[in-house]
Amino acid sequence: MSDPLSDPSEPTTPRGALVVAGLAVAVLFFGWLAFYFLLFLPRGPIG
Amino acid sequence: MAESLPHPSDDPNERTENRWLMTMLGLLAVMMAVVVATSLTHALHPPSNVEVIDPLSLHLAGEFVESNLGAALEPDGSVTVRMLAQQYSFVPHCVTVPADTPVKFRLTSADVVHGFLLIDTNVNSMVVPGFISEVRTRFARPGDNAMPCHEFCGLGHAGMWAHVIVVPKDQFPSLSPRQRLRCAAH
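Residue numbers (the numbering used here), protein chains in the order written: chain Z, 1 to 47; chain L, 1 to 186.
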């Protein structure tokens with residue numbers, strides 16, 4: 001596999017960016033689930 | 001022109017972006033499904049009461065005269081709390097309600113737009129002059145729940161708090177209407 005820095009014509013998958021973005025989205029997604037099921041629902045319905 | 005561009009699937013970056021897009025759409029679909037499923041099973045919906053009232057005659061007649069404010073036990077066992085919001089207090093300042101019982105809050109404003117929320121519940125509503133805000137909830141356990149005004153209503157807004165004191169269910173019927181307005185714990 002050639003070094004993309006020395007060979008700009010060879011596009012590669014930005015794995016580091018994917019890991020950072022994936023971690024950020026995972027934290028948000030599981031945080032949302034935790035707030036929804038552990039805080040919002042136990043506080044009961046309103047209407 | 002178009003023939004000279006590479007096919008999207010030939011570009012690894014484009015493939016990655018497409019996969020990322022699909023993943024995000026999938027997560028959004030999961031969140032929407034969770035909201036819809038729990039809304040149906042828990043009967044979740046926003047309060048949608050639209051009821052008008054004349055703010056100029058609240059103190060003269062009708063539901064919000066002073067003698068009718070506070071917590072009232074209904075024939076079906078539920079409790080209705082009636083309060084007036086005004087610069088800069090809720091009237092009455094304290095109300096007592098039973099735990100594990102359906103409680104209906106009915107509030108209106110005598111002057112400007114106010115708001116209220118109840119700690120430990122999902123109750124969070126504006127109180128607009130000319131309208132009655134009605135929100136139903138149920139308190140899981142006894143305690144002293146703060147009820148602040150959360151809509152900036154003037155210079156004294158920060159001091160506009162009420163207290164909802166939740167007592168055990170069996171203790172509530174023995175309290176007189178006057179005792180239900182006490183701020184001290186029962």
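Think of the CB as a built atom: it goes at the ideal place given N, C-alpha and C, for glycine as much as any other residue.
Among the bridge pairs identified by DSSP, L:S89 is matched with L:Q86. Separation of L:R82 and Z:F30 (C-alpha to C-alpha, rounded to the nearest whole angstrom) is 39 Å.
Interface annotation, Z:R43: in contact with chain L, CB-CB separation under 7 Å. DSSP places L:S133 within a strand segment (E or B) once states are collapsed to three. In this structure, the straight-line span from the alpha carbon of L:E63 to that of L:L69 is close to 8 Å. Nearest neighbour of L:P168 by Cα position, chosen from L:P129, L:T80, L:R141, L:D76, turns out to be L:R141.
When DSSP states are grouped into helix, strand and coil, Z:T12 belongs to the coil group. Under the DSSP assignment, L:V127 falls in the beta strand (DSSP E) whose first and last residues are 124-127.
Taking a Cβ-Cβ cut-off of 8 Å, the neighbours of L:H42 in chain Z comprise L41, P45, given in sequence order.
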